[in-house]
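Quick note on numbering: numbering that gives the first Met the number 0 labels position 60 of the sequence shown as 59, and the sequence is numbered without any gaps. For each residue, glycine too, the CB sits at the ideal point set by N, CA and C. This structure is a prediction, so every number in the text was calculated from the model and none was measured. Data block below; observations after.
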Amino acid sequence: MLNILFSAKPAAWEEYQAPLLEAFAKVDLNVHLSRDHAPEDVDYIIFAPNGPVRDFRPYTRTKAVMGLWAGVETIVNNETLTQPLCRLVDDSLTDGMVEWVTGHTLRHHLGMDRHILGQDGVWRDDSFPPLAKDRPVTILGIGALGAACGQALHCLGFPVTAWSRSRKSLSNLRCLSGEDGLRAALTGAQIVILLLPQTPRTANILNADRLSLLARGAFIINPGRGPLIDDDALLAALDSGQVAHATLDVFRTEPLPADHPYWSHPHVTVTPHIASTTRPETAAEVIAGNILRGERGAPFLYQVDRTRGY
Ligand code: NAP
Numbered sequence: 000m001l002n003i004l005f006s007a008k009p010a011a012w013e014e015y016q017a018p019l020l021e022a023f024a025k026v027d028l029n030v031h032l033s034r035d036h037a038p039e040d041v042d043y044i045i046f047a048p049n050g051p052v053r054d055f056r057p058y059t060r061t062k063a064v065m066g067l068w069a070g071v072e073t074i075v076n077n078e079t080l081t082q083p084l085c086r087l088v089d090d091s092l093t094d095g096m097v098e099w100v101t102g103h104t105l106r107h108h109l110g111m112d113r114h115i116l117g118q119d120g121v122w123r124d125d126s127f128p129p130l131a132k133d134r135p136v137t138i139l140g141i142g143a144l145g146a147a148c149g150q151a152l153h154c155l156g157f158p159v160t161a162w163s164r165s166r167k168s169l170s171n172l173r174c175l176s177g178e179d180g181l182r183a184a185l186t187g188a189q190i191v192i193l194l195l196p197q198t199p200r201t202a203n204i205l206n207a208d209r210l211s212l213l214a215r216g217a218f219i220i221n222p223g224r225g226p227l228i229d230d231d232a233l234l235a236a237l238d239s240g241q242v243a244h245a246t247l248d249v250f251r252t253e254p255l256p257a258d259h260p261y262w263s264h265p266h267v268t269v270t271p272h273i274a275s276t277t278r279p280e281t282a283a284e285v286i287a288g289n290i291l292r293g294e295r296g297a298p299f300l301y302q303v304d305r306t307r308g309y
């Protein structure tokens, strides 16, 4: 019998308890899933940063911490956590992100606002949207989420450039890495999508210098993390017309304060960190499968590298 501690906000327990028990039963793992195990008895922790566990030192026999979130920036530097930490990679989380990213990309690509917001009785048939093949898109971060978004945008016809830390070769995508690769990826890009994790190396990665490389009137879509963007530089680029519109899902401070200039800027769309979310049924299967791997002596999937920070 494995003792599995569920440590997330109380409402998550209602959502996750039944799917987790079903997923463990499906893979024949005999578990005692609870929110109240004594720390020294816990084999695995299912963890969200908004749950009660902060100090991992009493969890002396815990074999791994299974995150319920994709982003790990709030836990990766916790010095009391010495056990393996796995982040969540889940098909539903990925599908949600693909749908959100393609939706907002198509909104800007097709200039949908012009007609949705401009129902003024005037018949303007003087311009047609360009084709996707003429709209270069760049994705910064080409991991689980960025790669899936890149493939979906490729299927719609967009030429997609993808930038990552390590060198990659992915079909359908122009893959770049390194500082030179970043400049090449941004130069002339008309739509930039940020799907990097928040680490010291990605902070303010989209700064004034790099925004100046984009095609004039480019669009920014950020479902990654708020600190990826230098906010003052983006506001200046929006005011000058270098950036035509920014769709932002994530912010340095969340909820975004009511007096933040993003709320009132005519060329910014704020969405409240809803680009995608973990779905209990699929997440439960991923976690049960990963614990099964551990019990069979196989390496855990999606293990976070603490030195890299993601
Ligand atoms: P992932 O699989 O870890 O991919 C991260 C990507 O970023 C990888 O391609 C990685 O490069 C690249 N990267 C990391 N540091 C870099 C650096 N310094 N320079 C260049 N590239 C770098 O993560 P994921 O699952 O795709 O998730 C990405 C992020 O999305 C999460 O960290 C989270 O912040 C965000 N997210 C947001 C929402 C939302 O609702 N808004 C939901 C889920 C996730 P390598 O491939 O070389 O490692």
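For Ala11, the three-state DSSP class (helix, strand or coil): In the sequence shown, the residue the question calls residue 11 occupies position 12. Ala11: helix per DSSP, three-state reduction.
Ala151 beta carbon near the ligand NAP (any heavy atom closer than 8 Å): Numbered from 1 along the sequence shown, position 152 holds the residue referred to as residue 151. Answer for Ala151: no, Cβ out of range of the ligand NAP.
The region 75-83 contacting the region 297-305, beta-carbon criterion three pairs below 8 Å: yes
Near the ligand NAP: Gln302 beta-carbon under 8 Å from a heavy atom: Indexing the sequence shown from 1 puts residue 302 at position 303. No, the Cβ of Gln302 stays beyond 8 Å of every heavy atom of the ligand NAP.
Nonlocal neighbours in the same chain, by C-beta distance under 7 Å from Glu280, ignoring five residues either side: Here residue 280 refers to the residue found at position 281 when the sequence shown is read from its first residue. So the qualifying residues of the chain are Pro18.
Opening and closing residue of the beta strand (DSSP E) in which Val267 lies: Translated into the one-based positions of the sequence shown, residue 267 becomes position 268. Per DSSP, Val267 belongs to the beta strand (DSSP E) from 267-269.
Pairwise C-alpha distance: Ala283 and Val121: The count along the sequence shown starts at 1 and reaches residue 121 at position 122. The count along the sequence shown starts at 1 and reaches residue 283 at position 284. The straight-line gap from Cα to Cα measures roughly 52 Å.
Local conformation of Thr306 per DSSP, three classes: In the sequence shown, the residue the question calls residue 306 occupies position 307. Here Thr306 sits in coil by DSSP.
Chain-order list of residues whose beta-carbon lies under 6 Å from that of Leu193 (same chain, five-residue window excluded): Numbered from 1 along the sequence shown, position 194 holds the residue referred to as residue 193. Cβ within range, chain order: Leu139, Asn221, Gly223, Leu227.
Range covered by the beta strand (DSSP E) that runs through Leu247: In the sequence shown, residue 247 corresponds to position 248, counting from 1. First-last of the beta strand (DSSP E) with Leu247: 242-247.
Every unbroken beta strand (DSSP E) within the region 51-86, with a cutoff of 3 residues, ordered by chain: 63-66
Residue range of the unbroken beta strand (DSSP E) whose run includes Ile3: As a first step, residue 3 is located in the sequence shown; it is residue number 4 there, counting from the start. Note, Ile3: beta strand (DSSP E), 1-6.
Bridge-paired residues (DSSP) for Trp162: Residue mapping note: residue 162 aligns to position 163 of the sequence shown, counting from 1. DSSP output for Trp162 lists Leu139, Leu175 as bridge partner(s).
Span of the alpha helix (DSSP H) around His36: Mapped onto the sequence shown, residue 36 falls at position 37. No alpha helix (DSSP H) contains His36, which DSSP labels as neither H nor E.
Residue range of the alpha helix (DSSP H) that includes Leu233: For this step, residue 233 is matched to residue 234 along the sequence shown. Note, Leu233: alpha helix (DSSP H), 230-239.
Residue ranges of each alpha helix (DSSP H) within the region 93-144, 4 or longer: 111-115
The region 160-170 touching the region 126-142, judged by at least three CB pairs closer than 8 Å: yes
Extent of the continuous alpha helix (DSSP H) run through Ala207: On the sequence shown, residue 207 is found 208 positions in, with the first residue counted as 1. From DSSP, the alpha helix (DSSP H) with Ala207 extends over 207-210.
Closer than 9 Å to chain C by CB, Ala282: Reference to chain C is not applicable here, since this structure consists of a single protein chain.
Given 8 Å, three or more beta-carbon pairs between the region 268-280 and the region 245-256: yes
Buried versus exposed, by CB contacts within 10 Å (16 or more), Pro9: By one-based count along the sequence shown, residue 9 stands at place 10. That one is exposed.
Heavy atom of the ligand NAP within 8 Å of His272 beta-carbon: In the sequence shown, the residue the question calls residue 272 occupies position 273. Answer for His272: yes, Cβ within range of the ligand NAP.
DSSP-derived helix/strand/coil call for Ile290: As a working mapping, residue 290 is identified with position 291 in the sequence shown. Of the three classes helix, strand and coil, the one that applies to Ile290 here is helix, per DSSP.
Straight-line Cα distance separating Ala7 from Lys62: What you label residue 62 is simply residue 63 of the sequence shown in a count that begins at 1. What you label residue 7 is simply residue 8 of the sequence shown in a count that begins at 1. Approximately 18 Å, taken between the alpha carbons.
Inter-residue spacing [alpha-carbon to alpha-carbon] between Glu13 and Val97: Taking the sequence shown and counting its residues from 1, one reaches residue 13 at position 14. Taking the sequence shown and counting its residues from 1, one reaches residue 97 at position 98. Cα to Cα, Glu13 sits roughly 27 Å from Val97.
Gln241, buried or exposed, once every other Cβ within 10 Å from all chains shown has been counted against 16: Counting from 1 along the sequence shown, the entry for residue 241 is found at position 242. Counting Cβ neighbours within 10 Å, Gln241 comes out buried, since at least 16 surround it.
Inter-stretch contact at 8 Å, needing at least 3 Cβ pairs: the region 230-237 / the region 169-186: no
Close beta carbons around Gly180, own chain, < 8 Å, minus the five adjacent residues each side: Taking the first residue of the sequence shown as position 1, residue 180 is located at position 181. These residues qualify, in order along the chain: Trp162.
One or two residues paired with Val285 in a DSSP bridge: Counting from 1 along the sequence shown, the entry for residue 285 is found at position 286. Val285 pairs with nothing; no bridge assigned.
Distance between Val41 and Met0 (C-alpha atoms, nearest Å): Mapped onto the sequence shown, residue 0 falls at position 1. Mapped onto the sequence shown, residue 41 falls at position 42. Between Met0 and Val41, the C-alpha separation is close to 11 Å.
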